[in-house]
Amino acid sequence: MDGMIMKWQAMSICWATGSFPLPKQCIRILRYDFFSVLLISVLFFSTSLSNAGEKSLPFSIGEEIKYTVSWEMVRAGEASFKILPFTKINGEKAYHFKLEVKSNRYIDMLYKIRDRHEGFTDYEVTQSFLYKKTQSGKDRRQVKVRFDWEDKTATYSNFGNKRDPITIPLNTFDPISTFYKMRTLNFKTDQDLSFPVTDGKKCFTQKGKVVKREKITVSSGTFDTYQLDVQVDHFSGVFKKSENPTVKLWVTADGRKIPVRIKVKVFIGSVIFDLVSVN
């Protein structure tokens, strides 16, 4: 009951001021807990599944997927995934995936967000080579995570300050690249799935379940999707402070496996990522 009161008090302030500022807990989801939110989109990568070859990849250079980010009825910002031209990492041809997240002009007055995440994988999308995160504003970050597959380690650094390497299992991906690896897989109802993931500071096994197949409607249209639920035991921040937090994902049931909606429910309300366009 206290959580519901807090939510409606916050929303009342939004409507009264006309500027629609979000509680800092909600902004935390948009930025600090964004890694956790991304895990929703990638949670269905499983090392027991075979790797997809070049011909079966459901995406190509130049693809861009855009989302709106909202808290309850309040528009908070937008996010976009892009596939940039091939590059080379340590002399090997690599995919270059990019995610950009930014707050809108109302949220900028409270807490401006202009973040960029980049993931680099081998040409067959079987493993990550490099992960980069650039975070602007008061809490600036210049993060790099380098993957060493000879030693099976990942090394995190921020502005050049390195941490000790951590051990990772085979087929561990960075958060951004796993978004695309997920799209090469096949889903079925009642399927239990798990996968290893790392941001360079920790590596753990994330679990989830394919719940059902259903049609949902967002601003960009109506889609036939699979609904997927994620286990949030490993998530931190507002997830730890919430009673019975939930994270749900709806992915198109076609060959593209595009996430249509991501819904995060915590004690201050629901944060929703809705598909706007795919170019």
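Reading the sequence shown from the start, the letters are residues 84 to 362 in the numbering used here.
Ideal Cβ positions, reconstructed from N, Cα and C, are used throughout, including at glycine.
Please read these numbers as outputs of a predicted model, since none were measured by experiment.
- Within the segment 209-248, the runs of beta strand (DSSP E) at least 3 residues long that lie entirely inside it are, in chain order, 211-218, 224-231, 236-241.
- Annotation: Asp-198 to Gly-160 spans about 12 Å, alpha carbon to alpha carbon.
- Among the bridge pairs identified by DSSP, Thr-300 is matched with Thr-305.
- Assigned with DSSP and collapsed to three states, Pro-342 falls in strand.
- Per the coordinates, the alpha-carbon of Pro-279 lies some 26 Å from the alpha-carbon of Tyr-150.
- Cα atoms of Arg-266 and Ser-353: separation of roughly 25 Å, rounded to the nearest angstrom.
- Cβ-Cβ distances below 6 Å link Val-294 to Gln-310, Asp-312 in the same chain, with the five nearest sequence neighbours on each side left out; the list follows chain order.
- Under the three-state reduction of DSSP, Ser-143 is assigned to coil, being neither helix nor strand.
- Phe-169: member of the beta strand (DSSP E) spanning 157-172, first to last residue.
- Boundaries of the alpha helix (DSSP H) harbouring Tyr-263: 258-265, taken from the DSSP string.
- Looking at Ile-249, Phe-203, Ile-251, the one whose alpha-carbon comes closest to that of Lys-264 is Phe-203.
- The shortest CA-to-CA distance from Asp-337 to any of His-200, Phe-270, Thr-209 is the one to Phe-270.
- An exposed status is given to Phe-287, since fewer than 16 other beta-carbon atoms sit within 10 Å of its beta-carbon.
- With fewer than 16 other CB atoms across the displayed protein chains lying within 10 angstroms of its CB, Leu-253 is exposed.
- Residue burial is scored here from C-beta neighbours: Ile-144 has fewer than 16 other C-beta atoms within 10 angstroms and is therefore classed as exposed.
- For Ile-190, the uninterrupted alpha helix (DSSP H) run begins and ends at 188-191, by DSSP.
- For the pair Asp-205 and Glu-233, the CB atoms are not nearer than the 8 Å cut-off.
- When the five nearest sequence neighbours on each side are left out, the beta carbons in the same chain lying within less than 8 Å of the beta carbon of Lys-298 are those of Thr-305, Phe-306, Asp-307, Thr-308, in order along the chain.
- Shown here, Leu-311 sits in a strand according to DSSP, grouped into three states.
- Using a Cβ distance threshold of 8 Å, Ala-237 and Ile-251 count as a contacting pair.
- In this structure Phe-256 is buried. Its beta-carbon is surrounded by 16 or more other beta-carbon atoms within 10 angstroms.
- Closest by C-alpha distance to Asn-327, out of Leu-268, Ile-148, Phe-350, Ser-360, is Phe-350.
- In its chain, beyond the 5 residues on either side, Ser-129, Thr-288, Gln-289, Lys-290, Gly-291 have a beta carbon closer than 8 Å to the beta carbon of Ser-277.
- Looking only at Lys-348, Leu-268, Asp-282, the smallest Cα-Cα distance to Thr-335 is reached by Leu-268.
- Shown here, Lys-176 sits in a strand according to DSSP, grouped into three states.
- When DSSP states are grouped into helix, strand and coil, Gly-352 belongs to the strand group.
- According to the DSSP assignment, Pro-279 belongs to the beta strand (DSSP E) that extends over 275-281.
- In the three-state reduction of the DSSP assignment, Ile-251 falls in the coil class.
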